[in-house]
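**Student:** If you use full-length UniProt numbering, the sequence shown corresponds to residues 1 to 199, in order.
Even glycine gets a Cβ: it sits at the ideal position worked out from N, Cα and C.
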Amino acid sequence: MNNKSDKKAHLEYLKKDFFDIDLLEKIRKFLLFDEYEVLKKYGTWLLMLSSKKILPITDAQSRFLKVVKKEIKPETTFEKLWLKFLFIQENYDKYEKVWKIYNEELNLQEEIELRKLEEYYLYEEMENYFNDHDEQTFQIERNEHSYFYEDYQDDDYPDYDLPDSFGGVPEDNPDYDEVGGDSWGDYYAADWGDDDKEW
């Protein structure tokens, strides 16, 4: 059982790639990346061992054969992976059907998520637009108000001075005396006439 020829046979199959690369690629979508790599490297050797084309030379290999015969439950990575491979191979059509349904649901979910994302960005763009619009409107209104205020101040009431027809403020009148000079009434009465002198 443990002679040189058996070891040599094992080494020969360990050097070979997977016995059916097309099959491996076909079921690849049902495998994890590590599972695919293990089968690609050791698949031919495991097939030869499980089909007894080569004899087991270790206790682990003997146990592997018992797992394949379903005499014991799988425990190691090789044991579980090989049973998974056999199951997929035997039930490929069912796997393919489930895979198709899964992909359709996945694509639908991705489409829904994409639509939500598009709606979110659309809402964000609209919100930014209206925020910018409000800010621009505020600036325009503020500028218009500023121009109006400047026009009002400069044109209608420059520096809030009295019109020239009033003769200027009392301080501009050479006859005005801060201590005992003309009163406001006397000062303006000179221009308005005697009837308004008592004012």
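Hey, residue 41 and residue 59: beta-carbon distance below 9 Å or not?
**Tutor:** Locating residue 41 in the sequence shown gives position 41, counting from the first residue. Locating residue 59 in the sequence shown gives position 59, counting from the first residue. Going by C-beta atoms, residue 41 is not nearer than 9 Å to residue 59.
**Student:** Taking the C-alpha atoms as reference points, what is the distance between residue 23 and residue 35?
**Tutor:** Taking the first residue of the sequence shown as 1, we reach residue 23 at position 23. Taking the first residue of the sequence shown as 1, we reach residue 35 at position 35. Roughly 14 Å between the two C-alpha positions.
**Student:** On the three-pair Cβ rule with 8 Å, is the stretch 43 to 62 touching the stretch 71 to 84?
**Tutor:** yes
**Student:** Give the secondary structure of residue 22 by DSSP, where H, G and I count as helix, E and B as strand, and everything else as coil.
**Tutor:** Residue numbering aside, residue 22 sits at position 22 when the sequence shown is read from its first letter. In this structure, residue 22 counts as helix in the three-state DSSP scheme.
**Student:** What's the gap between the Cα of residue 115 and the Cα of residue 109?
**Tutor:** Taking the first residue of the sequence shown as position 1, residue 115 is located at position 115. Taking the first residue of the sequence shown as position 1, residue 109 is located at position 109. Looking at the two C-alpha atoms, the distance is approximately 10 Å.
**Student:** Give me the residue from 28, 70, 6 and 15 with the minimum Cα distance to residue 95.
**Tutor:** Translated into the one-based positions of the sequence shown, residue 95 becomes position 95. When each option's Cα is compared against that of residue 95, the closest is 28.
**Student:** Let's test the definition: count the other Cβ atoms within 10 Å of the Cβ of residue 72 and tell me whether it reaches 16, buried, or not, exposed.
**Tutor:** Stepping through the sequence shown from its first residue, residue 72 is reached at position 72. By the 10 Å Cβ count, residue 72 comes out exposed.
**Student:** Quick one: Cα of residue 74 to Cα of residue 118, how far?
**Tutor:** By 1-based counting over the sequence shown, the position of residue 74 is 74. By 1-based counting over the sequence shown, the position of residue 118 is 118. Distance between the alpha carbons of residue 74 and residue 118 is about 48 Å.
**Student:** Are there 16 or more other CB atoms within 10 angstroms of the CB of residue 39, so buried, or fewer, so exposed?
**Tutor:** Looking up residue 39 in the sequence shown gives position 39. When all chains shown are included, residue 39 counts as buried.
**Student:** Does DSSP put residue 5 in a helix, a strand or coil?
**Tutor:** Stepping through the sequence shown from its first residue, residue 5 is reached at position 5. If DSSP states are grouped into helix, strand and coil, residue 5 belongs with the helices.
**Student:** Looking at residue 55 and residue 9, is the spacing between their C-beta atoms short of 9 Å?
**Tutor:** Stepping through the sequence shown from its first residue, residue 9 is reached at position 9. Stepping through the sequence shown from its first residue, residue 55 is reached at position 55. Yes; because the gap between Cβ atoms is below 9 Å, this pair is in contact.
**Student:** Nearest to residue 21 by CA position, among 12, 32 and 37, is which residue?
**Tutor:** To locate residue 21, count along the sequence shown from 1; it is residue 21. Measuring from the Cα of residue 21, the nearest candidate turns out to be 37.
**Student:** With a Cβ-Cβ cutoff of 9 Å, do residue 30 and residue 88 count as a contact?
**Tutor:** In the sequence shown, the residue the question calls residue 30 occupies position 30. In the sequence shown, the residue the question calls residue 88 occupies position 88. Cβ atoms of residue 30 and residue 88: closer than 9 Å.
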